[in-house]
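Undergrad: Okay, handing you the structure first.
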Amino acid sequence: MKKWLLGLIFASLLVMPVTAQLVSAEDQHIGIRDEVDSITVSTEYMTVRILPSQAHLIWWYGNVSSADEMYKLQLLKIQEFTGDDAILDDKSELGGISYSLISDSWSYAIVQTAQELTITMTLTGLANGATIQLVMHVYTTDVPINGTDQTVDALTELKFDIIIENWVFSPTAAGIAIESFLTEVQNRHRVRVRNGTLNENGNATRTMQFISDKYDDQAVAYFEWNTFAHVYNSTGDLVDTVDVGTSYFADMISPPPGMGFEEVQDHLWLTYPNYENNMKLIHDPTIGLNADLLASSVPLYVIPLVGGLAGIAIVSAVILKKKRA
50 MKKWLLGLIF ASLLVMPVTA QLVSAEDQHI GIRDEVDSIT VSTEYMTVRI
100 LPSQAHLIWW YGNVSSADEM YKLQLLKIQE FTGDDAILDD KSELGGISYS
150 LISDSWSYAI VQTAQELTIT MTLTGLANGA TIQLVMHVYT TDVPINGTDQ
200 TVDALTELKF DIIIENWVFS PTAAGIAIES FLTEVQNRHR VRVRNGTLNE
250 NGNATRTMQF ISDKYDDQAV AYFEWNTFAH VYNSTGDLVD TVDVGTSYFA
300 DMISPPPGMG FEEVQDHLWL TYPNYENNMK LIHDPTIGLN ADLLASSVPL
350 YVIPLVGGLA GIAIVSAVIL KKKRA
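Following the numbering used here, the numbering of the sequence shown begins with 50 at its first residue and continues without gaps.
Below, the structure written as structure tokens:
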């Protein structure tokens, strides 16, 4: 091969778009970047940006700094509810103790091993003495979810445990609920959020799906959770397993003030019955991307490679044609 052609190939490789390159050549690598106002977790297939002070997660496809579609889950508040049963039937039942989860009081710790990355966010100093934690996990291998037929998929899902410890219920409280808000933040395509649970009776998990017209109305991302939570006493013994309910309200003074949402989606409440005072409740939802869609998509690093090789071929053909002329 001519020296000039070798040089051209080398130069083309150097100028390939760096935004599509992987953090590591190893498929199982989990990257972590801890910055002033955010934590960014990246794998070959997914990037998750965590904003601790706002208790929300933004995630998208690929190990890139941005994307056409970016999916967002925000946990807004935790609040007691009343009523004659453990079901949140109406917004009018919301009452009692309430705390905003959008707070600068969150602290966090990061631990990484060869098998997983764990980020523990902790909110303390609540008036009733309770502590709230979000313990987030990204794994390098698939991990089964106990009590279900589901697994946490390696590198394409982030599982987070919601831990509520030492909550002291108001006398009339039937339970507590966590308000969440789901939306797509780029607004470049039509993305709808819908209830993706096919049969809510008997299922061990439920899901909310992001449906994108860019991908022929397929489910491209999701928020999934178990329909049960475990309750432990002060010595760590499992004392109960409670049902996790769901309530959907179209408008809770939406969108939340100051959040900048352009499209209002339903507010989803995860509800937990009154499980007695000073216990520890653990519930483990998951966010992720559609693995089937990822498997059928062209890997991000192939796009600049194909483009670079195509550019080499075109330039080489032009030069050879000139030399023959």
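Positions of the beta carbon are idealized from the N, C-alpha and C atoms, including for glycine. The model shown is predicted, which means the values in this text are computed figures rather than measured ones.
Any idea if SER91 is buried or exposed, counting beta-carbon neighbours within 10 angstroms, 16 or more meaning buried?
TA: With 16 or more other Cβ atoms within 10 Å, it is buried.
Undergrad: Measure the alpha-carbon distance for TRP109 versus SER229 and round it to whole angstroms.
TA: The alpha-carbon atoms of TRP109 and SER229 are separated by roughly 19 Å.
Undergrad: Assuming the contact rule is C-beta atoms closer than 8 Å, ASN236 and GLY178 should be a hit. Round their C-beta distance to whole Å, please.
TA: Not a contact, Cβ separation roughly 41 Å.
Undergrad: On the criterion of 16 or more Cβ atoms from any shown chain inside 10 Å, does GLY174 qualify as buried, or is it exposed?
TA: Its Cβ having fewer than 16 others within 10 Å, GLY174 is exposed.
Undergrad: Is the number of C-beta pairs between the stretch 261–268 and the stretch 239–246 that are closer than 8 Å three or more?
TA: The stretch 261–268 is in contact with the stretch 239–246.
Undergrad: Report yes if the CB atom of ASP333 is closer than 9 Å to the CB atom of TRP274, and no otherwise.
TA: Contact flag set, yes.
Undergrad: Exposed or buried, which one is LEU143 when buried takes at least 16 other CB atoms within 10 Å?
TA: Buried, by the Cβ-count rule.
Undergrad: What whole-angstrom Cβ distance do SER147 and GLN128 have, given they're in contact under 8 Å?
TA: Indeed they touch by this definition, with Cβ atoms about 4 Å apart.
Undergrad: Considering Cα atoms alone, identify which of GLY224, LEU183, PHE130 is closest to GLN103.
TA: Nearest option by C-alpha distance: LEU183.
Undergrad: Got a sec, what are the start and stop residues for the beta strand (DSSP E) ASN244 sits in?
TA: It spans 240–244 - the beta strand (DSSP E) in which ASN244 sits, taken as one unbroken run.
Undergrad: Please name the residue in GLY80, ILE168, ALA176 whose C-alpha comes closest to that of ASP210.
TA: Of the listed residues, the one whose Cα sits closest to ASP210 is ILE168.
Undergrad: Return the chain-ordered list of same chain residues with a C-beta closer than 7 Å to the C-beta of LEU342, the five sequence neighbours on each side being excluded.
TA: Once the five neighbours on either side are set aside, the close Cβ partners of LEU342 are TYR264, GLN267, VAL269.
Undergrad: Using DSSP bridges, identify the partner residues of GLY294.
TA: Partner(s): THR320.
Undergrad: Using CA atoms only, rank isn't needed, just tell me which of ILE107, TYR321, ILE88, LYS121 is closest to ILE225.
TA: Measuring from the Cα of ILE225, the nearest candidate turns out to be TYR321.
Undergrad: Considering only residues of the same chain and omitting the five flanking positions on each side of ASN327, which have a CB-CB separation below 8 Å?
TA: ASN215, TRP216, VAL217, SER283, listed in sequence order.
Undergrad: Taking C-alpha atoms, which residue in ASP83, SER87, HIS78, VAL85 lies nearest to MET95?
TA: Comparing Cα positions, the closest option is HIS78.
Undergrad: Return the CA-CA distance between ASP3 and GLU165, expressed in angstroms with no decimal places.
TA: Residue 3 is absent from the model: the chain starts at 50 and stops at 374.
Undergrad: Quick check on ILE137: does DSSP put it in helix, strand or coil?
TA: Before going further, note that residue 137 is Leu rather than Ile in the sequence given. In this structure, LEU137 counts as coil in the three-state DSSP scheme.
Undergrad: To the nearest whole angstrom, what separates the beta carbons of GLU206 and GLY337, a pair I think is in contact under 8 Å?
TA: That belief holds up - the Cβ atoms of GLU206 and GLY337 are roughly 3 Å apart, short of 8 Å.
Undergrad: What does DSSP give as the partner residue(s) for ALA264 in the beta ladder?
TA: It should be noted that the sequence gives Tyr, not Ala, for residue 264. TYR264 pairs with nothing; no bridge assigned.
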